[in-house]
Amino acid sequence: MRQRHSFHLDRGNHSVTVNVRSGWITETELLVDGKELAFHRVHGHGVYPLTLAAQLAEEPPVPLAVRLERTGAPEQPLTCLLELGGAAHPMPEHTEH
């Protein structure tokens, strides 16, 4: 069965979203301000920890990274951290109902 996870955080004037779709193939996308800036695809249930990097569209560009890790807990199998400006910010998971 395919699982979906979505993490989101607004920082300053920017919106950062990470979407994970896992199953036979696991796809992870990093969106900044609605634009896909990084993408990872692997066969199976994913390899963690996984880090995706991008830049905020500022002058000069500001680097950022998101880091996904397995928790081992069935109710929340993944956590996501946004690394920006030398600090790590937990990204809350959005659930679909």
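Numbering (this note's numbering), first residue to last: 3 to 99.
Positions of the beta carbon are idealized from the N, C-alpha and C atoms, including for glycine.
Every value quoted in this text rests on a predicted model; they were computed, and no experiment measured them.
Less than 7 Å between the C-beta atoms of L32 and L84, yes or no? no
Any idea what DSSP makes of H7, helix, strand or coil? strand
Excluding sequence positions up to five away, which residues of its chain have a Cβ less than 7 Å from the Cβ of R72? Y50, P79, L80
Would you be able to state if there are at least three C-beta pairs under 8 Å between the segment 37-57 and the segment 20-27? As far as the Cβ criterion goes, the segment 20-27 touches the segment 37-57, which means the pair count is three or higher.
V49: first and last residue of the uninterrupted beta strand (DSSP E) it sits in: That residue, V49, is in no beta strand (DSSP E); it is neither H nor E in DSSP.
Checking 7 Å against the spacing of the C-beta atoms, do H96 and S8 come in under that value? yes
My output table needs one value for N79: the three-state DSSP class, helix, strand or coil. This sequence places Pro at residue 79; Asn is not what is there. In the structure shown, P79 sits in a strand (DSSP, three-state: E or B).
Just reading off the beta strand (DSSP E) that P92 is part of, what are its end residues? Start and end: 89-92.
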